[in-house]
Amino acid sequence: MISSGEIFHELRRGKSITLQEAGKDIVSVPFLSQFERGLSDISYSHLLKLLERIKVKPSEFDYLYYQRNKKSDNFVVNLQEAYQSGNITVLRQYLNLWHKGNNRYSKLQVIQLKMMLITLGEGQISKKEITYLQEYFAKIENWSFYELYLFGHAMPFMDVNSAASLIRVLAKKINLYGNFRQDSFSIVFYLYNNLILNLVAIGDFEQAMEFVNLLKNNSFSERDYYHKTRYFSLEGLVKYMQNEKEEGVALLKRSIDITVLVMHDDHFITNEFNFLKQYITDADLKRVFINWNNFK
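Going by the UniProt record's numbering, the residue at position 170 of the sequence shown is 170; the numbering climbs one at a time, nothing skipped.
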C-alpha cells in the first residue's frame with residue numbers, strides 16, 4: 001500500500017519544490033522527509049497546509065492516493081473472496097508469502113491473515129500482535145479502504161472499550177475528511193453496527209446510544225435504503241433496551257416496513273426477526289413485524 005507521504009513526495013518532486021520550500025513554517029525538514037518515506041504520520045491540518053504550499057487541491061491529492069492504491073484494493077477483494085469461500089489453502093499461501101516481508105505492511109497482512117484463519121477455525125494469534133494492530137490504528141491520520149477493512153476483521157479480537165475508543169477517533173477524522181467513497185462508508189457503517197450490537201450485548205446501552213448518535217451525524221443518500229433501515233433498527237433496539245419501548249418499537253417497525261416495501265428481502269427480515277427475539281417481548285415482536293407476510 002502506498003502511503004499518503006509517498007503521494008505527497010511524488011507531487012512535490014513533480015513541481016520541483018524542495019523539502020525546505022515545502023515545509024517552511026509548517027513542519028521541519030527531517031519530519032517531512034520521514035513523512036514522505038512512510039515513516040511518520042502527519043496531522044490533517046498540516047497536510048492541508050503542505051498541499052496549499054505546493055498548490056495541489058485536496059481533491060487532486062485524494063484522487064491520486066486512491067488511484068495509486070487500487071492494487072491494494074484489488075488485493076483486498078481477492079483476499080475477501082478466499083475468506084468468504086473458506087479457502088484455507090489460499091489464505092495459508094498468502095500468509096507464507098507475507099511472512100517473507102519485513103516492512104510494516106507485510107506485518108499487518110500477516111496479522112490479518114491470522115485473524116481470518118482463526119475465524120475459520122485454524123491458526124492462532126498472539127496478544128502482542130493484537131496490541132501492535134491497536135497501536136497502528138491509533139496513529140492513522142488518513143484512513144484508507146484497506147485500513148477500514150483491516151479494522152473490521154480486528155474488532156472481534158479487541159475488547160469492546162478499545163474498539164469504542166478507536167471508532168471515536170475515526171469519527172473525528174470522518175468529520176475532517178468529509179464523506180468517504182461509498183464502499184469505504186459501507187465498512188465504516190459495518191464497524192459502527194458491530195460495535196453498537198456488542199455494547200447492547202454487554203448491557204452498555206448508554207455508550208451504545210452515544211455511537212448511534214455519532215452514526216446519525218453521517219448523512220445518508222435518499223436512495224440508500226439499506227443503511228437507513230439498519231440505522232433505524234440500531235436506534236430502535238437501543239431505545240427499546242433503555243426502556244423507551246414505544247419509540248423503540250416504532251423505529252424497529254419502520255426498519256422492517258421499509259425492507260418489506262423497498263428491499264423485498266425475506267432473508268434479511270428472517271435474520272432480523274431471529275436476532276430481535278433475543279431482546280424484545282413476543283407481543284412487541286408482533287407489532288414490529290406486523291406487515292411481514294411470513295409472520296402472519
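Glycine included, each C-beta is placed from N, C-alpha and C at the ideal position.
Residue i and residue j closer than 7 Å at C-beta
i	j	result
Glu36	Gly14	no
Leu133	Ala154	yes
Tyr136	Leu113	no
Tyr190	Gly236	no
Leu108	Val56	no
Leu50	Ile88	no
Lys139	Asp41	yes
CA-to-CA distance, residue j to residue i, given in whole angstroms
i	j	result
Leu39	Glu21	20 Å
Tyr83	Ser28	43 Å
Val262	Tyr225	8 Å
Phe61	Leu214	27 Å
Ser162	Ser16	43 Å
Leu195	His99	30 Å
Ile256	Thr229	7 Å
Asn274	Arg92	34 Å
Glu272	Ala250	15 Å
Arg104	Ser85	27 Å
Leu197	Val288	19 Å
Gln80	Arg223	26 Å
Gly101	Val90	18 Å
His9	Leu48	14 Å
Counted within 10 angstroms of its Cβ, other Cβ atoms place residue i as buried (16 or more) or exposed
i	result
Gln278	exposed
Ala164	buried
Ser233	buried
Ala208	buried
Asp282	exposed
Asp284	buried
Ser45	exposed
Ile290	exposed
Lys239	buried
Glu122	exposed
Neighbourhood of residue i by C-beta, 7 Å cutoff - its chain only, sequence neighbours within 5 removed
i	result
Leu19	Val29, Leu32, Ser33
Met241	Val200, Phe205, Tyr279
Phe268	Thr259
residue 319	Nothing can be reported for residue 319: it is not among the residues displayed for the chain, which extend from 1 to 296.
Met116	Tyr83, Leu91, His153
Neighbour flag for residue i against chain B, beta carbons, 7 Å
i	result
Ser40	No chain B is part of this structure, which consists of one protein chain only.
Own chain partners of residue i with C-beta closer than 8 Å, once the 5 adjacent residues on each side are dropped
i	result
Leu199	Val160, Ala164, Phe205, Gln207, Ala208, Phe211
Whole-Å CB distance - residue i paired with residue j, under 8 Å assumed
i	j	result
Glu129	Ile111	5 Å
Ile125	Phe157	7 Å
Tyr192	Ile167	7 Å
Other residues of its chain near residue i: CB distance less than 6 Å, five sequence neighbours each side excluded
i	result
Lys24	none
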